[in-house]
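Asker: This is the structure, below, for whatever I ask next.
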Amino acid sequence: MDTGRIHWRGKRYPSIRDSGIPMIRRQHTRGFSLPELMVTLVIGLVLILVVSTMVARQEDLRRGISSANELANNVAYSAFVLDRELRNAGAGLAGSVNWGCPLAVSKNNGQLLPRLQPFPDPFGNVSQTYVVAPIVVFAGAGPNGSDVLAISAGNSALS
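Per my numbering, residue 1077 is the first one in the sequence shown, and the count goes up by one each step.
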């Protein structure tokens, strides 16, 4: 009985049975045993735990770096705005003969300065009477004894 495979052109391939070597019958495996599955599940769970811990730590690190960068950006922007305002202090008031004079400001027949009520917190200790000056420092008038800067600018009508 010929047990070799047949090539598509009709030639016969020799098989292992033709060589005279005795064949060992293998028992068919029917999947994994229960202990093998349990060990595999434990290894998988440990790997998932390790990877999730690493991802959580990486996310915490990323958040820390991101918040530090955001803080640095906010500080840089605040410094930029303060610098711009201080450089523009007194714009439109240059050479003004009114420097040092108290301001009496009204809008739509409503008095704005001097204020009739104190400023809202945290500026409640700031004087309600303003004078024409580029920068006025109210020492100790802010929260916890900090200083308050009042920066003024005008238009060409005050020059």
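Yeah, the Cβ is synthetic: ideal placement off N, Cα and C, and Gly gets one too.
As a quick exercise: from 1144, 1205 and 1121, pick the residue whose alpha carbon is nearest that of residue 1178.
Answerer: Checked all of 1144, 1205 and 1121; the closest Cα to residue 1178 is 1205.
Asker: Can you list, in chain order, the residues of its chain whose CB lies under 7 Å from that of residue 1181, leaving out five sequence neighbours each side?
Answerer: 1188 and 1189.
Asker: Here's a check: name, in chain order, each residue in its chain whose Cβ is nearer than 7 Å to the Cβ of residue 1213, leaving out the five neighbours to either side.
Answerer: Within the same chain, residue 1213 has close Cβ partners 1223 and 1225.
Asker: Going by the CB atoms, is the gap between residue 1210 and residue 1166 shorter than 8 Å?
Answerer: The answer is yes: Cβ separation under 8 Å.
Asker: Might you give, ordered along the chain, the residues of its own chain that have their beta carbon closer than 7 Å to the beta carbon of residue 1185, omitting 5 neighbours on each side?
Answerer: Here the set comprises nothing.
Asker: Please report the Cβ distance between residue 1239 and residue 1221, rounded to the nearest whole angstrom; I am assuming they are in contact, meaning their Cβ atoms lie under 8 Å.
Answerer: Limits of the chain in this structure are 1077 at one end and 1235 at the other, which puts residue 1239 out of reach.
Asker: Would you identify the three-state DSSP class for residue 1158, choosing helix, strand or coil?
Answerer: In this structure, residue 1158 counts as helix in the three-state DSSP scheme.
Asker: With a cut-off of 8 Å on the beta carbons, I'd call residue 1201 and residue 1217 a contact; round off their distance for me.
Answerer: Yes, they are in contact, since the Cβ atoms of residue 1201 and residue 1217 sit about 4 Å apart, within 8 Å.
Asker: So, for residue 1195: in the same chain, excluding its five sequence neighbours on each side, which residues have a beta-carbon less than 8 Å away from its beta-carbon?
Answerer: Answer for residue 1195: 1202 and 1204, listed in chain order.
Asker: For residue 1186, which beta-bridge partners are listed by DSSP?
Answerer: DSSP, once it has assigned bridges, lists 1183 as partnering residue 1186.
Asker: What does the alpha-carbon distance come out to for the pair residue 1238 and residue 1125?
Answerer: The question about residue 1238 has no answer here: the residues shown for the chain are numbered 1077 through 1235.
Asker: Around the C-beta of residue 1142, are 16 or more other C-beta atoms found within 10 angstroms, so that it is buried, or is it exposed?
Answerer: With fewer than 16 Cβ atoms within 10 Å of its Cβ, residue 1142 is classed as exposed.
Asker: Could you pull out every residue in the same chain whose Cβ sits closer than 8 Å to the Cβ of residue 1077, ignoring the five residues on either side in sequence?
Answerer: Annotation note: pLDDT 49 at residue 1077 (below 50); position unreliable, no value reported.
Asker: The beta strand (DSSP E) that contains residue 1225, what's its start and end?
Answerer: It spans 1224-1227 - the beta strand (DSSP E) in which residue 1225 sits, taken as one unbroken run.
Asker: Does the beta-carbon of residue 1228 have 16 or more other beta-carbons within 10 angstroms, so that it is buried, or is it exposed?
Answerer: Buried: at least 16 other Cβ atoms inside 10 Å.
Asker: Quick check: residue 1208 and residue 1164, are their CB atoms within less than 8 Å of each other?
Answerer: It is not a contact, given that the beta carbons lie outside the stated cut-off.
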